[in-house]
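Protein chains in written order, with our numbering: chain U, 1136 to 1349; chain E, 1136 to 1349. First the structure, in the form of structure tokens, and then the observations on it.
Structure, rendered in structure tokens:
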């Protein structure tokens, strides 16, 4: 996985650190939603903002110099906690958990709330594109080879409602280093967006955009 | 704009409420970044989390029953504070500000930090798709007609680095109710992702996915 750094941290410790920070990330995700939906009065908005700035300062007392990046240990456990779609420590991520069910097949179930809105009551079309992009990259790589996205096409059949959604991806065919992936996003009434993409296995081992982290 | 609700709030009051909540949203955005990057010890993570949960409860003391939706007043001022890409009260949004520079031309400058990471050091490919989707929808609609996205194709030339980015969109041509839009996202070295899309003016006034809010 291009750009990932080796760090000799035992898997048990990686798991412990990942779990420790999940409740904090969940609270931040909850705060994003509450900030959009709150109707408390002006003074309370300002008071909460001031206390929040204090909490940010406490977290920033010690921090990484830049983004989280990606790491892996000698046991082949990889972690990428800042990833925008699946990162365990990133409150922007829904987060999405991709389930691989055999060669070239993957799916994910997510629930998208107020923070992912585009047209009133519907998921932002760009958010559906983002989720499909990630699922398809993981479908192409199958957690075992690096691939990078060549092209990606989305066809919008109808609006995607906020709430529970199901994503499915599968490898349609392979031609040389090209992996052709098709995918859908659906609500309880059926498919709302269809997508197809071409993912490429790098010949040199160089991957400008590894699908494993989209 | 499909799904938008009329609310008779004077524009000055809309502007005042929008401005009042911006600093709170900025603080939440800052918290998302700090949560990804912090390296403070376990006890401090738990302590911050507990205080944060208290702040969420204060904001939730009074809130909208669902998502923010969209509203407009009699002076044709529209507001859509929860939008995932441009919403003034949505900490997930970078936020992006789209500048329209004449018929069928629009651009935006954004800075994407740790929260938008995919491959280490690079913007998540799905995030570039999300930003392009929004810009292209606004380019097609030109703030004066509803359009919905039919198809959208992204071609990834190389990885897009985190940091300052420039997006440009323009209408390539129109055929009947179809509006063909092309767009790019660039860093200081040039184009990283190209996109083209077909946006459709609804015949009936019904728009399942208005580009004005993507």
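For each residue, glycine too, the CB sits at the ideal point set by N, CA and C. Remember, predicted model here, so these are calculated numbers, not experimental data.
Cβ of residue i less than 8 Å from any chain U Cβ?
i, result
"residue 1317 of chain E", "no"
"residue 1148 of chain E", "no"
"residue 1191 of chain E", "yes"
"residue 1177 of chain E", "yes"
"residue 1344 of chain E", "Caution is warranted here: a pLDDT of 43 is assigned to residue 1344 of chain E, below 50, making its placement in the model unreliable, and the coordinate value is therefore given only provisionally. So, interface residue."
"residue 1233 of chain E", "no"
"residue 1237 of chain E", "no"
"residue 1199 of chain E", "yes"
"residue 1326 of chain E", "no"
"residue 1144 of chain E", "no"
"residue 1240 of chain E", "no"
"residue 1303 of chain E", "no"
"residue 1300 of chain E", "no"
Can you check whether the C-beta of residue i is within less than 8 Å of a C-beta belonging to chain E?
i, result
"residue 1254 of chain U", "yes"
"residue 1214 of chain U", "no"
"residue 1244 of chain U", "no"
"residue 1341 of chain U", "Per-residue confidence for residue 1341 of chain U stands at a pLDDT of 48, beneath the threshold of 50, marking its modelled position as unreliable; no derived number is given."
"residue 1217 of chain U", "yes"
"residue 1186 of chain U", "yes"
"residue 1314 of chain U", "no"
"residue 1211 of chain U", "no"
"residue 1308 of chain U", "no"
"residue 1156 of chain U", "yes"
At 9 Å on the CB atoms, spell out the chain U contacts of residue i, in chain order.
i, result
"residue 1208 of chain E", "In chain order: nothing, as chain U lies at least about 16 Å away."
"residue 1220 of chain E", "1253, 1259, 1261, 1262"
Using a threshold of 8 Å, state whether the C-beta atoms of residue i and residue j are closer than that.
i, j, result
"residue 1217 of chain U", "residue 1225 of chain U", "yes"
"residue 1227 of chain E", "residue 1227 of chain U", "yes"
"residue 1250 of chain E", "residue 1168 of chain E", "yes"
"residue 1266 of chain U", "residue 1220 of chain U", "yes"
"residue 1320 of chain E", "residue 1327 of chain E", "yes"
"residue 1297 of chain E", "residue 1261 of chain E", "no"
"residue 1284 of chain E", "residue 1272 of chain E", "yes"
"residue 1154 of chain E", "residue 1172 of chain U", "no"
"residue 1233 of chain E", "residue 1270 of chain E", "yes"
"residue 1274 of chain U", "residue 1239 of chain U", "yes"
"residue 1235 of chain U", "residue 1241 of chain U", "yes"
"residue 1140 of chain U", "residue 1197 of chain E", "no"
"residue 1246 of chain U", "residue 1200 of chain U", "no"
"residue 1304 of chain U", "residue 1254 of chain E", "no"
"residue 1223 of chain U", "residue 1164 of chain U", "no"
"residue 1338 of chain E", "residue 1312 of chain E", "yes"
"residue 1264 of chain E", "residue 1264 of chain U", "yes"
"residue 1214 of chain E", "residue 1258 of chain E", "no"
What does residue i reach in chain E if we use C-beta pairs closer than 7 Å?
i, result
"residue 1170 of chain U", "1159, 1160, 1163, 1194, 1224, 1226"
"residue 1268 of chain U", "1260, 1261, 1264"
Identify every residue that forms a DSSP beta bridge with residue i.
i, result
"residue 1213 of chain E", "E/1207"
"residue 1313 of chain U", "U/1310, U/1335"
"residue 1139 of chain U", "DSSP output for residue 1139 of chain U lists no bridge partner at all."
"residue 1301 of chain E", "E/1244, E/1321"
"residue 1330 of chain E", "E/1289, E/1318"
"residue 1230 of chain E", "Answer is none; residue 1230 of chain E lacks a bridge partner."
"residue 1258 of chain E", "E/1252"
"residue 1284 of chain E", "E/1334"
"residue 1173 of chain U", "E/1198"
"residue 1235 of chain U", "U/1241"
"residue 1145 of chain U", "Per DSSP, none; premise fails for residue 1145 of chain U."
"residue 1296 of chain E", "E/1257"
Residues of chain U with CB under 8 Å from residue i, in chain order?
i, result
"residue 1202 of chain E", "1171, 1172, 1248, 1249, 1252, 1255, 1256, 1297"
"residue 1205 of chain E", "1254, 1255"
"residue 1286 of chain E", "1288, 1289, 1290, 1291"
"residue 1138 of chain E", "1254, 1255, 1256, 1257"
Pairs of beta-carbons, one from the segment 1138-1151 of chain U and one from the segment 1207-1216 of chain U, closer than 8 Å: are there three or more?
yes
Say whether the segment 1329-1339 of chain U touches the segment 1283-1302 of chain U, bearing in mind that this needs 3 or more beta-carbon pairs closer than 8 Å, one atom from each stretch.
yes
Counting Cβ pairs closer than 8 Å, one from the segment 1185-1201 of chain U and one from the segment 1176-1187 of chain E, do we hit at least three?
yes
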